[in-house]
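S.K.: Chains as they are written, first to last, in numbering that gives the first Met the number 0: chain A, 0 to 226; chain B, 0 to 226; chain C, 0 to 55.
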Amino acid sequence: MGWLQFKAIVRKDLTRELRTRDMLVSMILFVLLAMVVFHYAFSVKEGVDLTYFTGGMLWAVFIFAMLLGLNRSFAQEKDERCLDGLLLCPVDRVVIFLAKTAGNLIFLLIIQAVAVPVFTLFFVSRSYVADLPLFLLVLLLADLGICALGTLLATISMNTRSRDLLLPILFLPLIVPVLIAVTAATTTIFATGTSLGSLATRLLFLLGFDLIFMVAAYGTYDFAIGE
Amino acid sequence: MKKVLSAPALFVGSGIFLVLGLLLAFWYSPVDASTMGYSQKILYFHAPIATAALLAFGVAFVAAVLFLRSQDPKWDRLGVVSVRVGLLFSVLVMATGMIWGKAAWGVWWAWEPRLTTFLLVCFLYAAYFVLRSVVEEEQRRATYAAVFAIIAFIDVPITYLSTRLLPEGLHPVVLGPGGGGMPGNMLVSFMISMFGMMLLLAALIRRDLGIEDLKERVADLKNSIGG
Amino acid sequence: MTIAEGAKYVAAAYAVILVVLAAYYLVSARRVSTLRRDVELLEEEVRRRAPKPGTD
Numbered sequence: 000m001g002w003l004q005f006k007a008i009v010r011k012d013l014t015r016e017l018r019t020r021d022m023l024v025s026m027i028l029f030v031l032l033a034m035v036v037f038h039y040a041f042s043v044k045e046g047v048d049l050t051y052f053t054g055g056m057l058w059a060v061f062i063f064a065m066l067l068g069l070n071r072s073f074a075q076e077k078d079e080r081c082l083d084g085l086l087l088c089p090v091d092r093v094v095i096f097l098a099k100t101a102g103n104l105i106f107l108l109i110i111q112a113v114a115v116p117v118f119t120l121f122f123v124s125r126s127y128v129a130d131l132p133l134f135l136l137v138l139l140l141a142d143l144g145i146c147a148l149g150t151l152l153a154t155i156s157m158n159t160r161s162r163d164l165l166l167p168i169l170f171l172p173l174i175v176p177v178l179i180a181v182t183a184a185t186t187t188i189f190a191t192g193t194s195l196g197s198l199a200t201r202l203l204f205l206l207g208f209d210l211i212f213m214v215a216a217y218g219t220y221d222f223a224i225g226e
Numbered sequence: 000m001k002k003v004l005s006a007p008a009l010f011v012g013s014g015i016f017l018v019l020g021l022l023l024a025f026w027y028s029p030v031d032a033s034t035m036g037y038s039q040k041i042l043y044f045h046a047p048i049a050t051a052a053l054l055a056f057g058v059a060f061v062a063a064v065l066f067l068r069s070q071d072p073k074w075d076r077l078g079v080v081s082v083r084v085g086l087l088f089s090v091l092v093m094a095t096g097m098i099w100g101k102a103a104w105g106v107w108w109a110w111e112p113r114l115t116t117f118l119l120v121c122f123l124y125a126a127y128f129v130l131r132s133v134v135e136e137e138q139r140r141a142t143y144a145a146v147f148a149i150i151a152f153i154d155v156p157i158t159y160l161s162t163r164l165l166p167e168g169l170h171p172v173v174l175g176p177g178g179g180g181m182p183g184n185m186l187v188s189f190m191i192s193m194f195g196m197m198l199l200l201a202a203l204i205r206r207d208l209g210i211e212d213l214k215e216r217v218a219d220l221k222n223s224i225g226g
Numbered sequence: 000m001t002i003a004e005g006a007k008y009v010a011a012a013y014a015v016i017l018v019v020l021a022a023y024y025l026v027s028a029r030r031v032s033t034l035r036r037d038v039e040l041l042e043e044e045v046r047r048r049a050p051k052p053g054t055d
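1. Exposed or buried, cysteine 146 (chain A), counting other C-beta atoms within 10 Å across all chains shown (16 or more means buried)?
2. Any beta carbon from chain B within less than 8 Å of leucine 173 (chain A)'s own beta carbon?
3. Can you list, in chain order, the residues of its chain whose CB lies under 6 Å from that of leucine 69 (chain A), leaving out five sequence neighbours each side?
4. Assuming proline 72 (chain B) and alanine 141 (chain B) are in contact, meaning their beta carbons sit under 8 Å apart, how far apart are those beta carbons, in whole angstroms?
5. Counting only runs that start and end within the region 37-110 of chain B, where is the alpha helix (DSSP H) found for 4 or more residues in a row?
6. Against chain B, with Cβ distances strictly below 8 Å, would alanine 49 (chain C) count as a contact?
7. Which residues in the same chain as aspartate 209 (chain A) place their Cβ atom closer than 7 Å to its Cβ, once the five residues preceding and following it in sequence are excluded?
8. To the nearest angstrom, how far is it from the Cα of leucine 49 (chain A) to the Cα of alanine 190 (chain A)?
9. Based on Cα-Cα distance, which residue from A:Phe106, A:Ala101 and A:Ala7 lies nearest to phenylalanine 61 (chain A)?
10. Determine the extent of the alpha helix (DSSP H) in which cysteine 88 (chain A) is found, giving its start and end residues.
11. Since leucine 199 (chain B) and leucine 17 (chain B) should fall inside the 8 Å C-beta cutoff, what is the C-beta to C-beta distance between them, to a whole number of angstroms?
12. How about phenylalanine 37 (chain A) and methionine 56 (chain A): do their beta carbons lie closer than 8 Å?
13. Any C-beta of chain A within less than 9 Å: which residues of the region 143-156 of chain B qualify?
14. Alpha carbon to alpha carbon, what distance is there between methionine 22 (chain A) and isoleucine 109 (chain A)?
15. Taking Cβ-Cβ distances shorter than 7 Å, what residues in chain A pair up with phenylalanine 128 (chain B)?
16. Would valine 173 (chain B) be called buried (16 or more neighbouring beta carbons within 10 Å of its own) or exposed?
17. Which residue marks the beginning of the alpha helix (DSSP H) containing serine 28 (chain B), and which one marks its end?
18. Going by CA-CA distance only, name the one from B:Leu119, B:Val133, B:Glu137 and B:Arg206 that's closest to aspartate 154 (chain B).
19. Which residues of chain B have a Cβ atom closer than 9 Å to the Cβ of arginine 31 (chain C), listed in chain order?
20. Are the beta-carbon atoms of valine 37 (chain B) and alanine 6 (chain C) separated by less than 8 Å?
21. Hey, is phenylalanine 122 (chain B)'s beta-carbon within less than 8 Å of any beta-carbon in chain A?
22. Is the region 145-152 of chain B touching the region 75-95 of chain B in the sense that three or more CB pairs, one from each, lie closer than 8 Å?
23. In this structure, how does DSSP classify proline 50 (chain C) when only helix, strand and coil are distinguished?
24. Residues in the same chain with beta-carbon distance under 8 Å from tyrosine 51 (chain A), minus the five sequence neighbours each way, listed in chain order, please.
25. Does the region 85-93 of chain B come into contact with the region 15-26 of chain C, if we say contact requires no fewer than three beta-carbon pairs (one atom in each stretch) closer than 8 Å?
26. Exposed or buried, what is glutamine 138 (chain B) when buried is set at 16 or more other beta-carbons lying within 10 Å of its beta-carbon?
27. Does any C-beta atom of chain B lie closer than 8 Å to the C-beta of alanine 66 (chain C)?
28. For a cutoff of 8 Å on Cβ pairs, would you count tyrosine 27 (chain B) as touching chain C?
29. Taking the CB atoms as reference points, tell me whether alanine 144 (chain B) and leucine 130 (chain B) lie closer together than 8 Å.
30. Can you find a CB in chain C that lies within less than 8 Å of the CB of alanine 6 (chain B)?
31. Among residues of its own chain, excluding the 5 on either side of tyrosine 217 (chain A), which ones have a beta-carbon nearer than 6 Å to its beta-carbon?
32. In its own chain, which residues sit with a C-beta less than 7 Å from the C-beta of lysine 221 (chain B), not counting the 5 before and 5 after it?
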């Protein structure tokens with residue numbers, strides 16, 4: 000029963016996004032533009048090598064894009080009162096959380112599917128095809144943490160007065176551990192290539208982060224989403 | 000209305016221990032043998048304040064859980080007060096940490112585990128107050144604040160862990176009080192200061208709770224008058 | 000670093016602690032006295048408005 004509800008909510012969110020496509024397109028454009036901004040932000044010298052900045056740039060872009068995306072999607076829900084309708088059904092609140100997180104995750108993955116190749120084109124000089132599975136693993140683990148935490152906090156912040164500005168303030172300090180782990184891992188993959196063994200600590204750390212906050216969200220989402 | 004009756008006693012008690020600790024630190028404990036030398040004396044208050052701050056946030060965590068369970072506003076009041084005192088102490092940790100950093104390493108700032116963690120802690124709990132300020136309805140405000148206090152506290156050890164376990168490769172300095180353990184005559188002063196700081200924490204929380212109670216009383220009286 | 004120089008930093012650190020804590024205490028002390036006065040005034044007001052026997 001929970002699984003069916005889960006699928007239904009995810010499908011509803013995705014169809015709505017994909018039907019209008021405006022948010023998807025906007026976020027992709029934002030991500031690409033942000034990369035251009037970063038290029039100008041860091042090119043202080045002719046031919047400067049940005050290889051060791053690549054991980055940081057990539058994830059900074061994704062995190063800021065995610066903040067915008069979360070705000071938009073929740074704001075729409077609230078304005079159209081979809082959430083109220085959803086709450087009237089006998090759905091376990093946690094299912095709503097998981098469904099929203101999954102929806103956001105899929106959304107983020109779609110954006111990354113476009114953004115990563117372009118980023119590689121702009122900034123990465125080494126071919127990391129050999130490390131692609133590893134890269135995708137890192138991506139997925141970090142995405143999960145970002146989406147879970149982001150969904151939980153967006154649920155809270157959308158009900159407040161200054162919702163657009165509040166989410167980053169709540170989210171950014173909390174996501175720093177993920178940032179620390181993922182930028183180092185990503186930079187290593189881009190710069191020199193690496194193996195599963197040497198990334199093991201970071202991967203386990205990301206996994207731990209994801210699990211801990213999924214559990215925390217499980218315990219608190221009832222309260223976050225309100226009566 | 001017992002109000003702030005026991006607070007003066009706590010303040011006096013904490014004052015005694017802190018002064019005692021201070022005297023011991025300066026006249027009894029030896030000067031640190033490592034390169035830090037005399038500036039190590041800052042540690043006798045810096046570390047206890049840090050521990051007290053974390054303890055305050057732990058209290059806030061427990062208060063948050065109890066509030067969500069019982070919906071009793073008194074837990075919310077305890078939460079606000081502990082976070083406020085915790086934030087106050089965290090700012091002091093940063094200030095003393097930076098002064099110590101300047102004395103011991105010659106730089107005002109370094110991205111090392113403890114300073115970085117407390118910087119993020121300050122951001123995190125400042126966000127707590129921002130969150131509170133943008134929610135108008137009392138019950139909801141307390142609920143959201145409780146959820147955030149829980150998430151934030153879980154994140155603190157994770158953040159500390161991430162700054163320690165995942166070296167970013169560029170740390171110019173490694174912080175640590177001279178060597179592993181502390182010789183006996185340093186430990187004594189340290190422990191006494193630690194105890195004094197705990198008492199100070201209790202005293203400030205107790206006092207601030209009394210102030211919150213007074214505020215409640217004023218609000219109640221205004222309500223009964225119909226103002 | 001000589002002891003003298005080190006001592007300056009140490010003194011600065013403890014001074015900061017003292018000043019900040021004292022400031023916090025004093026600011027809240029002022030709020031306490033305002034609140035206490037408010038409570039008294041309001042209680043006075045409540046007593047005044049209590050229905051007197053004979054009216055109503």
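Virtual Cβ for every residue (Gly too), placed ideally from N, Cα, C.
M.R.: Checking against the coordinates, here is how it stands:
1. Within 10 angstroms of the beta-carbon of cysteine 146 (chain A) lie 16 or more other beta-carbons, which makes it buried.
2. By this cut-off, leucine 173 (chain A) is an interface position.
3. Excluding positions up to five away in sequence, the list reads Gly149 and Ala153.
4. The Cβ separation is near 6 Å, so the contact holds.
5. Runs of the alpha helix (DSSP H) inside the region 37-110 of chain B: 42-69 and 72-104.
6. Using beta-carbon distances, alanine 49 (chain C) does not count as an interface residue toward chain B, since no partner is under 8 Å.
7. If you ignore the 5 residues before and after aspartate 209 (chain A), its C-beta comes within less than 7 Å of the C-beta of Leu140, Leu143, Gly144 and Ala147, all in its own chain and listed in chain order.
8. Going from the Cα of leucine 49 (chain A) to the Cα of alanine 190 (chain A) covers about 10 Å.
9. It is A:Phe106.
10. That residue, cysteine 88 (chain A), is in no alpha helix (DSSP H); it is neither H nor E in DSSP.
11. About 7 Å separates the two Cβ atoms, so the contact holds.
12. Yes.
13. Cβ contacts with chain A: Tyr143, Ala145, Val146, Phe147, Ile149, Ile150, Ala151, Ile153 and Asp154.
14. The straight-line gap from Cα to Cα measures roughly 12 Å.
15. Simply none; closest approach about 10 Å.
16. Unreliable placement is indicated for valine 173 (chain B), whose pLDDT of 45 sits below 50; no coordinate value is reported for it.
17. First-last for serine 28 (chain B): undefined, no H or E at that position.
18. Ranked by Cα distance from aspartate 154 (chain B), the first of B:Leu119, B:Val133, B:Glu137 and B:Arg206 is B:Leu119.
19. According to the sequence as given, residue 31 (chain C) is valine; it is not arginine. Neighbours of valine 31 (chain C) in chain B, taken as residues at a C-beta separation under 9 Å, are given in chain order as Val3, Arg206, Gly209, Ile210 and Leu213.
20. One detail in the question is off: residue 37 (chain B) reads as tyrosine in this sequence, not valine. In contact: tyrosine 37 (chain B) and alanine 6 (chain C) (Cβ atoms closer than 8 Å).
21. With 8 Å as the cut-off, phenylalanine 122 (chain B) counts as an interface residue toward chain A.
22. Three or more beta-carbon pairs drawn from the region 75-95 of chain B and the region 145-152 of chain B are found closer than 8 Å, and the two stretches are therefore classed as touching.
23. In this structure, DSSP gives proline 50 (chain C) a state outside helix and strand, which the three-state scheme calls coil.
24. Excluding sequence neighbours, tyrosine 51 (chain A) sits near Thr186 and Ala190.
25. The region 85-93 of chain B makes contact with the region 15-26 of chain C: 3 or more CB pairs, one atom from each, lie closer than 8 Å.
26. By the Cβ-count criterion, glutamine 138 (chain B) is exposed, with fewer than 16 other Cβ atoms from all chains shown falling within 10 Å of its own Cβ.
27. Shown here, chain C extends from 0 to 55; a query on residue 66 (chain C) therefore has no answer.
28. Between tyrosine 27 (chain B) and chain C, the shortest Cβ-Cβ separation is not below 8 Å.
29. If you check the CB distance, alanine 144 (chain B) and leucine 130 (chain B) come in under 8 Å.
30. Not closer than 8 Å to any Cβ of chain C, the Cβ of alanine 6 (chain B) fails to qualify, so no.
31. Excluding sequence neighbours, tyrosine 217 (chain A) sits near Val93.
32. Once the five neighbours on either side are set aside, lysine 221 (chain B) has no close Cβ partner at all.
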